[in-house]
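Engineer:
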Amino acid sequence: MKYIVAIIQPGKLEAVHDALLEIGVTGLTTSEVQGYGRQKGKSEIYRGAEYVVNFLPKVKVEVAVPAKIAEKVAAAIKSCTATGKIGDGKIFTFELAEAMRIRTGETGADAL
Amino acid sequence: MMTTSYKYALPVLAASLIASPAFAQEVPEHGVFILNSLLFLMAGFLVMFMACGFCMLEAGLVRAKNTTMQLTKNVALFSIAAVGYYLIGYNLMYPLGSWSIEGVLSGVFPSVAILEAVGISADQADDLSYATTGSDFFFQLMFCAATASIVSGTLAERIKLWPFLLFTLILTAFIYPLQASWKWGGGFLDEMGFLDFAGSTVVHSVGGWAALAGALILGPRLGKYKDGRVNPMPGANLPLATLGTFILWLGWFGFNGGSQLAMGTIGDVADISRIFANTNAAAAGGSIVALILTQLMYGKVDLTMVLNGALAGLVSITAEPLTPTLGVATLIGGVGGLIVVFAVPMLDKMQIDDVVGAIPVHLIAGIWGTLAVPLTNGDANFGTQIISIAIVGAFTFVVSGIVWILIKMVLGIRVSEDEEIAGLDSAELGMDSYPEFTR
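Just so you know, the protein sequences line up as chains A and B, in that order.
Each residue of the first sequence is one higher than the last, beginning at 330 in this note's numbering.
Each residue of the second sequence is one higher than the last, beginning at 51 in this note's numbering.
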């Protein structure tokens, strides 16, 4: 099993959701997060004075998937979020040691 | 049912109008008294709603952690103004010709405001040629409260509640009414020929001067100016700030329109109508200039400046909303918008921290509006306007400064650093404006 965390632009969540549904991902978790990468934050002007916004709003998508479709999932997320501009985000893939469905007590891939 | 009864009522009403020759030509004497009082009551509740406008504007432009405090200050100051103005303010402001120092200090000071008795007849009215004392008191009180509202925005996010309210009491009972008596009470500024129709100077710049004195003595918010740099602290809720601005814009029709002080003749009603339209035009002018200038100067429009621009336009037209044409009113308001866009960063450069921009909007645009009166009103002259601005400004700034310093010495006016960082909502009140957000 793999655990995939994608940090994406806030406007891309719907596209990611649709793409993952299509390749059979059965569930996902999202949260609103703030952060920056190589491009750092951005500067804005409020009432005539410039200030730096260090942490930009992003959406974090987390999915646990069977190892055999992990690459497909990452590629699907990439294909619907890439614009070629800075700030598109990142995808991290982790080994997933264990999973359990709380309602039934099923474990491993059965719990996904 | 309603339609049927109107069908009968309208011809009857029309017939009675035709049958009454006095009404057909002009409003009878008692009609003038009634219409004037009605003007004061309607304009008065419009100006009352400006208290809500100030409250929403300020609640939107402070950070979320200071919202409950800003709301509390606004409802409290409005209430305290009602007491201060009742106790001594009203009679201090309107000596009705009885001076203890000629043209300077009311002869009916100190004494509380007293209204006409219940159910009076015409011969028992205080002034049958004018309006009821109750409507006059109500209308004028709202102006006094507006002056106090101006102060609270500038000093937001760092001032303690009770010392601020003590200042409000002194401002509304003494400082505002005393200087207002010099013009609107028939005092020496009025004698000199100073013109200030609805109070660019008497109300707005007075609030601005009191706020400026407070801001200098209170100091800027923690971290606002660091190493010579300005560190903006964006407001938490721009929908509220925009709502507040529109409410103020609406209330201003009462502020300026009611200041015609009469609605019993064709001329008065026509003048009030001009004033409404000119007031709206000036707000539009101020808003448009701020819109264009912030786009040109910063590459993006700054909504908070556009809101301030509309308000500065309103303040600019307040000294003379009657005589300009619609075009000139738009231009006078436009200059107000220009003032805001340049004065906000200028104050920051001087490290005077004005959270909502009340000093550019009310003080500086107030001075501009007062200076603009002679442009369209031949009865005014620049010299008298300038001298009057200076006298009112010096008096308000010095007396407010002394009061702020005394309150600072006796009670302290500023919360501790830790309290300021935590936010006044939890430090001073123990009550968040949106408690669900953090639980």
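All C-beta atoms in this analysis are idealised placements derived from N, C-alpha and C, irrespective of residue type, glycine included.
Every value quoted in this text rests on a predicted model; they were computed, and no experiment measured them.
Across the segment 168-181 of chain B and the segment 228-248 of chain B, are there enough close Cβ pairs to call them in contact, namely three or more that are closer than 8 angstroms?
Structural biologist: Because the criterion of three Cβ pairs below 8 angstroms is not met, the segment 168-181 of chain B and the segment 228-248 of chain B do not touch.
Engineer: Take every Cβ of the segment 210-221 of chain B, pair it with every Cβ of the segment 290-303 of chain B, and state whether three or more of those distances are shorter than 8 angstroms.
Structural biologist: They do not touch, by the three-pair rule.
Engineer: Quick one: list the residues of chain A neighbouring T354(B), beta-carbon separation under 8 angstroms, in chain order.
Structural biologist: On the second sequence, position 304 is the one that residue 354(B) refers to. By Cβ distance, chain A contributes Y375, R376.
Engineer: Are the Cβ atoms of V442(B) and I220(B) separated by less than 8 angstroms?
Structural biologist: Numbered from 1 along the second sequence, position 392 holds the residue referred to as residue 442(B). Numbered from 1 along the second sequence, position 170 holds the residue referred to as residue 220(B). Their beta carbons are not under 8 angstroms apart, which means V442(B) does not touch I220(B) by this criterion.
Engineer: By the three-class DSSP mapping on this structure, what secondary structure does G443(B) have?
Structural biologist: Locating residue 443(B) in the second sequence gives position 393, counting from the first residue. It is helical.
Engineer: The alpha helix (DSSP H) with E470(B) in it runs from where to where?
Structural biologist: Sequence index remark: in the second sequence, residue 470(B) carries index 420 (1-based). Unbroken alpha helix (DSSP H) run through E470(B): 467-472.
Engineer: Pick helix, strand or coil for A64(B), following the three-state DSSP scheme.
Structural biologist: If you number the second sequence from 1, residue 64(B) lands on position 14. Confidence at A64(B) is low in this model, with a pLDDT of 46, below 50, so its placement is unreliable and the value that follows should be read with caution. A64(B) falls in the helix class under three-state DSSP.
Engineer: Taking the runs of the beta strand (DSSP E) that are 3 residues or longer, which of them lie wholly in the segment 149-236 of chain B?
Structural biologist: As far as the segment 149-236 of chain B is concerned, its whole beta strand (DSSP E) runs of at least 3 residues are 149-151.
Engineer: Taking the alpha-carbon of L353(B) as reference, which of V97(B), P289(B), V125(B) has the nearest alpha-carbon?
Structural biologist: Taking the first residue of the second sequence as position 1, residue 353(B) is located at position 303. Among V97(B), P289(B), V125(B), the Cα nearest to that of L353(B) is on P289(B).
Engineer: Can you tell me whether Q363(A) is helix, strand or coil according to DSSP?
Structural biologist: By one-based count along the first sequence, residue 363(A) stands at place 34. In this structure, Q363(A) counts as strand in the three-state DSSP scheme.
Engineer: Would you decide whether R430(A) is buried or exposed? Buried here means 16 or more other CB atoms lie within 10 Å of its CB.
Structural biologist: Here the question's residue 430(A) lines up with position 101 in the first sequence. With fewer than 16 Cβ atoms within 10 Å of its Cβ, R430(A) is classed as exposed.
Engineer: Looking at the unbroken alpha helix (DSSP H) that takes in G349(B), where does it start and where does it end?
Structural biologist: Counting from one through the second sequence, the residue named residue 349(B) turns up at place 299. Looking at the DSSP string, G349(B) is not in any alpha helix (DSSP H), and its letter there is neither H nor E.
Engineer: DSSP state of R502(B), grouped into three classes?
Structural biologist: Limits of chain B in this structure are 51 at one end and 489 at the other, which puts residue 502(B) out of reach.
Engineer: Under the three-state reduction of DSSP, which class applies to P424(B): helix, strand or coil?
Structural biologist: Reading the second sequence from its first residue, position 374 is the one you call residue 424(B). In the structure shown, P424(B) sits in a helix (DSSP, three-state: H, G or I).
Engineer: Is I402(B) helix, strand or coil when you go by DSSP?
Structural biologist: Here residue 402(B) is taken as the residue at index 352 of the second sequence, counted from 1. In this structure, I402(B) counts as coil in the three-state DSSP scheme.
Engineer: Do you know how far the Cα of M283(B) is from the Cα of E478(B)?
Structural biologist: Here residue 478(B) corresponds to residue number 428 of the second sequence, with the count starting at 1. Here residue 283(B) corresponds to residue number 233 of the second sequence, with the count starting at 1. Going by the C-alpha atoms only, they are around 20 angstroms apart.
Engineer: The beta strand (DSSP E) with T422(A) in it runs from where to where?
Structural biologist: Residue numbering aside, residue 422(A) sits at position 93 when the first sequence is read from its first letter. 418-424 is the extent of the beta strand (DSSP E) around T422(A).
Engineer: At a Cβ cut of 7 angstroms, what residues of the segment 284-318 of chain B count as close to chain D, listed as they run along the chain?
Structural biologist: The structure shown has no chain D; the protein chains it does contain are A and B.
Engineer: Since R208(B) contacts R271(B) with CB under 8 angstroms, what's their CB separation in whole angstroms?
Structural biologist: To locate residue 208(B), count along the second sequence from 1; it is residue 158. To locate residue 271(B), count along the second sequence from 1; it is residue 221. Confirmed, Cβ separation roughly 5 angstroms.
Engineer: Can you name the residues of chain B whose CB is closer than 7 angstroms to the CB of Y380(A)?
Structural biologist: As a first step, residue 380(A) must be located in the first sequence, where it is residue number 51. Here the neighbours are N281, P282.
Engineer: Could you spell out where the beta strand (DSSP E) holding E391(A) opens and where it closes?
Structural biologist: Stepping through the first sequence from its first residue, residue 391(A) is reached at position 62. That run of the beta strand (DSSP E) goes 385-394.
Engineer: Using CA coordinates, which residue listed in L357(A), A378(A), G340(A) is at the minimum distance from K331(A)?
Structural biologist: As a position in the first sequence, residue 331(A) is number 2, starting the count at 1. The shortest Cα separation from K331(A) among L357(A), A378(A), G340(A) belongs to L357(A).
Engineer: Look up A126(B) in the DSSP assignment and give the residues it is bridged to.
Structural biologist: What you label residue 126(B) is simply residue 76 of the second sequence in a count that begins at 1. DSSP, once it has assigned bridges, lists no residue as partnering A126(B).
Engineer: Using C-beta distances below 8 angstroms, list every residue in its chain close to F188(B), excluding the 5 sequence neighbours before and after it, in chain order.
Structural biologist: As a position in the second sequence, residue 188(B) is number 138, starting the count at 1. Contacts found: F90, L91, G94.
Engineer: Examine chain A for any beta-carbon lying closer than 8 angstroms to the beta-carbon of K276(B), and answer yes or no.
Structural biologist: Numbered from its first residue, the second sequence carries residue 276(B) at position 226. Closer than 8 angstroms: no.
Engineer: Which class does T118(B) belong to by DSSP, given the choice of helix, strand or coil?
Structural biologist: Taking the first residue of the second sequence as position 1, residue 118(B) is located at position 68. Three-state DSSP puts T118(B) in a helix.
Engineer: How is K401(A) classed by DSSP in three states: helix, strand or coil?
Structural biologist: By one-based count along the first sequence, residue 401(A) stands at place 72. Of the three classes helix, strand and coil, the one that applies to K401(A) here is helix, per DSSP.
Engineer: Checking contacts by CB at 8 angstroms: is T53(B) closer than that to chain A?
Structural biologist: Residue 53(B) sits at position 3 when you count from the first residue of the second sequence. Because T53(B) carries a pLDDT of 42, less than 50, the predicted location of this residue cannot be relied on, and the following value inherits that uncertainty. No, its Cβ sits nowhere closer than 8 angstroms to a Cβ of chain A.
Engineer: Going by beta carbon distance, what residues of the same chain come within less than 7 angstroms of T433(A), once the five residues before and after it are set aside?
Structural biologist: As a working note, residue 433(A) is residue 104 in the first sequence. Same-chain partners within the cutoff: there are none.
Engineer: Here's the rule: buried if 16 or more other CB atoms are within 10 angstroms of the residue's CB, otherwise exposed. What is L67(B)?
Structural biologist: The sequence position of residue 67(B) within the second sequence is 17, counting from 1. Since pLDDT at L67(B) reaches only 48, below the 50 mark, its modelled position is unreliable, and the value read off the structure follows with that caveat. So L67(B) counts as exposed.
Engineer: If the cut is a Cβ gap below 8 angstroms, which residues of chain A does Y484(B) touch?
Structural biologist: For the purposes of this step, residue 484(B) is taken as residue 434 along the second sequence, with counting starting at 1. Going along chain A, no residue has its Cβ under 8 angstroms from Y484(B), so there is no contact; the nearest lies around 16 angstroms.
Engineer: With a Cβ-Cβ cutoff of 8 angstroms, do A260(B) and V339(B) count as a contact?
Structural biologist: Along the second sequence, read from residue 1 onward, the residue named residue 260(B) stands at position 210. Along the second sequence, read from residue 1 onward, the residue named residue 339(B) stands at position 289. No, the Cβ-Cβ distance between A260(B) and V339(B) is not below 8 angstroms.
Engineer: If we ignore side chains and look at the alpha-carbon of each, how far apart do D173(B) and Y375(A) end up?
Structural biologist: Your numbering for residue 173(B) matches position 123 in the second sequence. Your numbering for residue 375(A) matches position 46 in the first sequence. D173(B) and Y375(A): Cα-Cα distance of roughly 59 angstroms.
Engineer: Look at the Cβ atom of S148(B), then the Cβ atom of V158(B), and state whether they are nearer than 8 angstroms.
Structural biologist: To locate residue 148(B), count along the second sequence from 1; it is residue 98. To locate residue 158(B), count along the second sequence from 1; it is residue 108. Contact flag set, yes.
Engineer: For M429(A), name the three-state secondary structure that DSSP assigns.
Structural biologist: Counting from one through the first sequence, the residue named residue 429(A) turns up at place 100. Correct three-state label for M429(A): strand.
Engineer: Counting only C-beta atoms, is D398(B) closer than 8 angstroms to chain A at any point?
Structural biologist: By one-based count along the second sequence, residue 398(B) stands at place 348. True, the Cβ-Cβ gap to chain A drops below 8 angstroms.
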